[in-house]
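K.L.:
For the record, the sequence lines run as chains A and B. With UniProt numbering applied, the first sequence corresponds to residues 1 to 359, in that order. With UniProt numbering applied, the second sequence corresponds to residues 1 to 359, in that order. One structure is given below, represented as structure tokens, and several questions about it will come after.
Number of protein chains: 2
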Amino acid sequence: MRKYNFCSGPAALPEAVLRRAQEELLDWGGRGCSVMEVSHRSADFVAVAERAEQDLRDLLSIPDNYKVLFLQGGATGQFSAVPWNLLGAGSRKIDIIHSGQWARKAIAEAGRYGEVNLVASAEDRNFSYAPGPDAWQQSADAAYFHYVPNETIGGVEFNYVPEVSCPLVADMSSSILSRPVDVEKFGVIFAGAQKNIGPSGIAVAIVREDLLERALPDIPRSLHWKIAADAGSMDNTPPTFAWYLSGLVFQWLKEQGGVEAMAELSRRKSQLLYDFIDRSDFYSNPVARDSRSRMNIPFVLADARLDKQFLRESEAAGLLNLPGHRSVGGMRASLYNAVPVEAVEALVDFMADFEARNG
Amino acid sequence: MRKYNFCSGPAALPEAVLRRAQEELLDWGGRGCSVMEVSHRSADFVAVAERAEQDLRDLLSIPDNYKVLFLQGGATGQFSAVPWNLLGAGSRKIDIIHSGQWARKAIAEAGRYGEVNLVASAEDRNFSYAPGPDAWQQSADAAYFHYVPNETIGGVEFNYVPEVSCPLVADMSSSILSRPVDVEKFGVIFAGAQKNIGPSGIAVAIVREDLLERALPDIPRSLHWKIAADAGSMDNTPPTFAWYLSGLVFQWLKEQGGVEAMAELSRRKSQLLYDFIDRSDFYSNPVARDSRSRMNIPFVLADARLDKQFLRESEAAGLLNLPGHRSVGGMRASLYNAVPVEAVEALVDFMADFEARNG
């Protein structure tokens with residue numbers, strides 16, 4: 001029996017997608033083999049790959065002058081790929097907003113190849129807010145501007161898209177496909193799949209074509225967006241099963257009404273949980289109200305000694321993977337697209353009951 | 001219904017493995033979610049990861065002073081990783097045997113970071129043999145020696161392990177686990193999974209510990225073996241489902257009798273097909289007898305105009321993925337571990353019948 005799964009990633013996938021994959025796992029569409037047992041260059045798999053790309057283009061209204069890449073690895077690989085692909089055109093300056101743990105990792109890797117300028121940092125208030133543009137310290141000539149629209153650990157989400165004059169790079173790993181986005185505002189959008197797209201082991205990069213010409217000379221082939229773009233993301237054998245599953249998720253998203261429907265659903269789910277937390281003295285969320293994430297909602301108990309009991313009992317009640325990140329403790333509910341509203345209702349019911357018994 | 005699948009990669013997986021994965025795809029061991037929907041750091045997944053490593057260690061008798069890494073991507077990523085990890089200790093010279101297409105790709109990438117010396121090349125006879133050690137031109141001070149024990153496209157396999165004084169690096173993507181190997185002869189063994197291990201999107205690297213200290217300073221984090229080793233291959237989110245499936249394959253291999261049994265099975269399967277081809281004037285294999293691959297057997301018809309008919313009819317007979325590589329044409333049967341002897345018997349029966357009708 002399937003339970004409600006609040007994992008921050010690798011996260012819940014739509015049950016309909018898993019069921020379809022299960023049905024055809026040994027015999028894919030009557031071909032007598034699994035989708036993971038065929039050449040990535042076979043006509044059948046190429047059709048899967050192309051449909052996945054087209055569905056993603058449809059979902060996000062990606063303009064024709066952007067390439068859509070399906071890459072090995074996840075966001076960490078792209079933390080290297082971004083500077084390697086974008087620092088070869090002159091300026092080595094990189095503007096980054098320091099918003100939390102995922103920004104920190106990007107900063108560390110980017111700083112090995114370029115000169116990082118922290119445009120703003122939320123470290124002063126323990127990364128509990130998304131810094132607004134008023135106090136930014138931008139470089140005059142940055143090669144690109146990097147930010148993380150949603151920080152999964154802090155539970156912080158930007159409610160605006162930065163307006164900058166250089167290429168804007170967004171690590172959308174944890175918020176992609178959760179609402180409409182104006183792709184033209186971005187130079188590069190990348191995302192590890194394992195939150196809102198598919199299983200871990202594949203990343204998507206959406207790259208404006210003119211940015212494909214800026215790679216550093218020594219860039220490893222496997223990080224090179226231009227080579228991937230020219231080869232239809234098949235310079236090497238791609239992670240075919242992960243690509244196929246991602247494609248099934250895109251189809252499912254279209255059936256659900258696309259990113260507009262996901263935006264409404266995300267608003268509804270997160271509102272339900274935030275409203276409950278805000279009405280309670282027993283639970284609290286530390287994030288500034290205008291920066292609260294719709295995807296990842298950390299919360300703590302007034303009495304942290306009850307944490308273990310809360311986690312034990314919630315798991316027994318069929319509410320999985322609620323522990324907070326090991327770096328911060330407490331609890332966290334991740335409400336990605338595949339988490340149904342019923343899961344949040346069940347969580348709120350449990351939380352109310354737990355409070356009644358222990359408050 | 002499952003058919004016989006001779007794909008060169010992503011290749012056939014053991015049916016028992018796929019069936020197990022199918023059974024628990026939505027509800028993994030009663031946990032109420034899929035194995036691909038849990039954190040890689042959860043105790044349940046860590047147990048999967050550790051068991052996979054231990055089983056691989058058991059299968060190949062890997063000594064304790066070797067790290068076993070489960071990495072994002074495939075062999076192409078490792079073509080970059082190898083020079084980036086091994087050229088930082090002084091010498092930039094790299095000895096490589098040019099044995100065919102996979103050696104060519106490794107040479108191209110290695111040559112961007114080091115000085116490649118072709119120890120030997122089989123180009124003089126169209127890569128139809130594995131060059132023996134008699135005419136080698138080794139460097140006095142190579143950082144490492146790279147070779148490809150089995151070339152999937154040419155269908156060429158080395159029947160010996162090179163004896164060299166520098167660290168020996170082997171791209172075992174297409175022959176790993178097909179027979180016992182004396183790991184201590186190697187500095188590094190790496191393999192993309194999608195032939196003899198699991199689905200595409202994961203690679204295994206077996207690295208002697210002292211070689212983890214030789215990385216070039218600018219190495220991208222995602223290629224860094226030492227960082228992966230120190231983090232138990234979880235510096236970033238690994239491809240969890242591919243890791244899990246690889247682990248199921250290792251368990252299956254142990255149940256089948258391990259690599260000794262695979263060696264016997266590979267010998268038997270390949271002998272069956274080679275003997276048939278050699279008895280025929282209708283079919284032929286271009287590879288020198290002492291270098292014939294047990295894994296990939298290319299063959300051509302005396303009359304190439306019959307190729308299309310052969311491929312059409314063999315597919316209709318339930319023998320999948322027999323076209324040769326797009327660079328060479330003809331036919332190719334890949335006989336990895338998961339391909340049962342019955343598949344080869346069925347192929348030989350079909351070939352005999354096709355010859356009787358068209359010879």
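Beta carbons: idealized from backbone N, C-alpha and C, even for Gly.
Taking its Cβ as the centre, do 16 or more other Cβ atoms sit within 10 Å of glutamate 264 of chain A, making it buried, or is it exposed?
P.N.:
Start at 1 with the first residue of the first sequence, and residue 264 of chain A comes out as number 264. Per the 10 Å Cβ criterion, exposed.
K.L.:
Compute the Euclidean distance between the alpha carbons of aspartate 307 of chain B and methionine 331 of chain B, then round it to the nearest angstrom.
P.N.:
Here residue 307 of chain B refers to the residue found at position 307 when the second sequence is read from its first residue. Here residue 331 of chain B refers to the residue found at position 331 when the second sequence is read from its first residue. Answer to the nearest angstrom: the Cα atoms are 8 Å apart.
K.L.:
Using a beta-carbon distance below 8 Å, is isoleucine 176 of chain B in contact with chain A?
P.N.:
Counting from one through the second sequence, the residue named residue 176 of chain B turns up at place 176. Judged by the 8 Å Cβ criterion, isoleucine 176 of chain B is not in contact with chain A.
K.L.:
Go ahead and label tyrosine 66 of chain A buried or exposed: buried means 16 or more other beta carbons lie within 10 angstroms of its beta carbon, across all protein chains shown.
P.N.:
For the purposes of this step, residue 66 of chain A is taken as residue 66 along the first sequence, with counting starting at 1. Tyrosine 66 of chain A should be labelled buried.
K.L.:
Report the residue from A/Glu151, A/Tyr283, A/Ala143 whose alpha carbon sits nearest the alpha carbon of serine 165 of chain A.
P.N.:
Translated into the one-based positions of the first sequence, residue 165 of chain A becomes position 165. Selected option, being the one with the closest Cα: A/Ala143.
K.L.:
Given a cut-off of 8 Å on the beta-carbon distance, is the pair valine 169 of chain A and valine 82 of chain A in contact?
P.N.:
If you number the first sequence from 1, residue 169 of chain A lands on position 169. If you number the first sequence from 1, residue 82 of chain A lands on position 82. Yes, these two residues count as a Cβ contact at 8 Å.
K.L.:
Could you confirm whether any beta carbon from chain A is found closer than 8 Å to the beta carbon of proline 180 of chain B?
P.N.:
In the second sequence, counting from the first residue as 1, residue 180 of chain B sits at position 180. No, because no Cβ of chain A sits closer than 8 Å to the Cβ of proline 180 of chain B.
K.L.:
In the segment 209-255 of chain B, which residue ranges form an unbroken alpha helix (DSSP H) of at least 4 residues, counting only runs that do not cross its ends?
P.N.:
225-230
K.L.:
For the 8 Å Cβ check, are there 3 or more pairs between the segment 241-253 of chain A and the segment 89-96 of chain A?
P.N.:
no
K.L.:
Against chain B, with Cβ distances strictly below 8 Å, would arginine 92 of chain A count as a contact?
P.N.:
Here residue 92 of chain A refers to the residue found at position 92 when the first sequence is read from its first residue. Not an interface residue.
K.L.:
Under 8 Å between C-beta atoms, does leucine 56 of chain B make it to chain A?
P.N.:
Within the second sequence, numbered from 1, the residue matching residue 56 of chain B stands at position 56. Output row for leucine 56 of chain B: interface = no.
K.L.:
Is there contact between the segment 259-274 of chain B and the segment 338-350 of chain B, where contact requires at least three CB pairs shorter than 8 Å?
P.N.:
yes
K.L.:
Determine, using beta carbons only, whether glycine 201 of chain B and glutamine 72 of chain A come nearer to each other than 8 Å.
P.N.:
Position 201 of the second sequence, counted from the start, is the residue given in the question as residue 201 of chain B. Position 72 of the first sequence, counted from the start, is the residue given in the question as residue 72 of chain A. Going by C-beta atoms, glycine 201 of chain B is nearer than 8 Å to glutamine 72 of chain A.
K.L.:
Between which residues of its own chain and serine 34 of chain A is the CB-CB distance below 7 Å, once the five residues before and five after are set aside?
P.N.:
Taking the first sequence and counting its residues from 1, the one referred to as residue 34 of chain A is at position 34. Hits under 7 Å: Leu25, Leu26, Trp28.
K.L.:
Is it the case that the CB of arginine 294 of chain B approaches a heavy atom of the ligand COA more closely than 7 Å?
P.N.:
In the structure on display, the ligand COA does not appear, and there are no ligands present to speak of.
K.L.:
Considering only C-alpha positions, which residue in the set A/Ala16, A/Phe186, A/Gly114, A/Gly258 is nearest to leucine 216 of chain A?
P.N.:
Indexing the first sequence from 1 puts residue 216 of chain A at position 216. Comparing Cα positions, the closest option is A/Gly114.
K.L.:
Where aspartate 64 of chain A and glutamate 53 of chain A are concerned, what is the direct C-alpha to C-alpha distance, given to the nearest angstrom?
P.N.:
Within the first sequence, residue 64 of chain A is the residue found at index 64, counting from 1. Within the first sequence, residue 53 of chain A is the residue found at index 53, counting from 1. If you take the alpha carbons of aspartate 64 of chain A and glutamate 53 of chain A, they lie about 12 Å apart.
K.L.:
Phenylalanine 145 of chain A versus chain B: which residues are under 8 Å apart at the beta carbon?
P.N.:
Here residue 145 of chain A refers to the residue found at position 145 when the first sequence is read from its first residue. Per Cβ cutoff of 8 Å: no residues; phenylalanine 145 of chain A is ~21 Å from chain B at best.
K.L.:
Can you tell me which of the three DSSP states arginine 292 of chain B falls into?
P.N.:
Here residue 292 of chain B refers to the residue found at position 292 of the second sequence. Note: arginine 292 of chain B maps to strand in three-state DSSP.
K.L.:
Give the residues from the segment 179-207 of chain A that approach chain B closer than 8 Å (Cβ to any Cβ), ordered along the chain.
P.N.:
Gly192, Gln194, Pro199, Ser200, Gly201, Ile202
K.L.:
Rounded to a whole number of angstroms, what is the C-alpha to C-alpha distance between alanine 120 of chain A and histidine 146 of chain A?
P.N.:
If you number the first sequence from 1, residue 120 of chain A lands on position 120. If you number the first sequence from 1, residue 146 of chain A lands on position 146. Approximately 11 Å between the Cα atoms of the pair.
K.L.:
In chain order, what residues of the same chain lie with their CB nearer than 8 Å to the CB of asparagine 5 of chain B, ignoring the 5 residues before and after it?
P.N.:
The sequence position of residue 5 of chain B within the second sequence is 5, counting from 1. Residues of the same chain with a CB within less than 8 Å of the CB of asparagine 5 of chain B, apart from the 5 flanking positions on each side, are Ala11, Ala12, Leu320, Asn321, Val339, Ala343 in chain order.
K.L.:
So which residues on chain B does aspartate 235 of chain A lean against when the C-beta distance must stay under 8 Å?
P.N.:
Position 235 of the first sequence, counting from 1, holds the residue named residue 235 of chain A. Here the neighbours are Thr76.
K.L.:
Between leucine 38 of chain A and chain B, is any beta-carbon pair separated by less than 8 Å?
P.N.:
For the purposes of this step, residue 38 of chain A is taken as residue 38 along the first sequence, with counting starting at 1. Here residue 38 of chain A turns out to be valine, not leucine, going by the sequence shown. With 8 Å as the cut-off, valine 38 of chain A counts as an interface residue toward chain B.
K.L.:
What does arginine 19 of chain B touch in chain A if you count any residue whose Cβ is under 7 Å from its own?
P.N.:
Reading the second sequence from its first residue, position 19 is the one you call residue 19 of chain B. In chain order, Leu26 make up the part of chain A whose C-beta sits under 7 Å from the C-beta of arginine 19 of chain B.
K.L.:
Could you tell me how far apart the beta carbons of glycine 258 of chain B and leucine 59 of chain B are, in whole angstroms, since I believe they sit closer than 8 Å?
P.N.:
Mapped onto the second sequence, residue 258 of chain B falls at position 258. Mapped onto the second sequence, residue 59 of chain B falls at position 59. Yes, they are in contact, since the Cβ atoms of glycine 258 of chain B and leucine 59 of chain B sit about 6 Å apart, within 8 Å.
K.L.:
Do the segment 183-195 of chain A and the segment 207-215 of chain A make contact, defined as three or more Cβ pairs closer than 8 Å?
P.N.:
yes
K.L.:
What number of angstroms, rounded off, separates the C-alpha of alanine 242 of chain A from the C-alpha of proline 199 of chain A?
P.N.:
Within the first sequence, residue 242 of chain A is the residue found at index 242, counting from 1. Within the first sequence, residue 199 of chain A is the residue found at index 199, counting from 1. The straight-line gap from Cα to Cα measures roughly 6 Å.
K.L.:
If I'm right that threonine 237 of chain B touches glutamine 194 of chain A with Cβ under 8 Å, what's the distance once you round it to whole angstroms?
P.N.:
Numbered from 1 along the second sequence, position 237 holds the residue referred to as residue 237 of chain B. Numbered from 1 along the first sequence, position 194 holds the residue referred to as residue 194 of chain A. That pair is a contact at about 6 Å.
K.L.:
By the three-class DSSP mapping on this structure, what secondary structure does isoleucine 277 of chain B have?
P.N.:
Taking the first residue of the second sequence as position 1, residue 277 of chain B is located at position 277. In this structure, isoleucine 277 of chain B counts as helix in the three-state DSSP scheme.
K.L.:
From valine 156 of chain B to asparagine 150 of chain B, what does the alpha carbon distance come to, in whole angstroms?
P.N.:
Taking the second sequence and counting its residues from 1, one reaches residue 156 of chain B at position 156. Taking the second sequence and counting its residues from 1, one reaches residue 150 of chain B at position 150. Roughly 6 Å separates the two Cα atoms.
K.L.:
Pull up the distance between the alpha-carbon of isoleucine 153 of chain B and that of proline 298 of chain B, whole angstroms please.
P.N.:
The residue labelled residue 153 of chain B in the question sits at position 153 within the second sequence. The residue labelled residue 298 of chain B in the question sits at position 298 within the second sequence. Take the alpha-carbon of isoleucine 153 of chain B and the one of proline 298 of chain B: they are about 8 Å apart.
K.L.:
Quick one: which residues of the segment 217-242 of chain B get their C-beta closer than 8 Å to a C-beta of chain A? List them in chain order.
P.N.:
Asp218, Pro220, Arg221, Ser222, Leu223, Asp235, Asn236, Thr237, Pro238, Pro239, Thr240, Phe241, Ala242
K.L.:
CB-CB under 6 Å to isoleucine 176 of chain B, same chain, minus the five flanking residues each way: which ones, in chain order?
P.N.:
Locating residue 176 of chain B in the second sequence gives position 176, counting from the first residue. Result list for isoleucine 176 of chain B: Ala191, Asn196, in chain order.
K.L.:
If we ignore side chains and look at the alpha-carbon of each, how far apart do alanine 134 of chain A and alanine 75 of chain A end up?
P.N.:
By 1-based counting over the first sequence, the position of residue 134 of chain A is 134. By 1-based counting over the first sequence, the position of residue 75 of chain A is 75. In the sequence as displayed, the identity of residue 134 of chain A is aspartate instead of alanine. If I take the Cα positions, the gap works out to 28 Å.
K.L.:
Looking at the structure shown, is valine 188 of chain A part of a helix, part of a strand, or coil, going by DSSP?
P.N.:
Residue 188 of chain A sits at position 188 when you count from the first residue of the first sequence. Strand.
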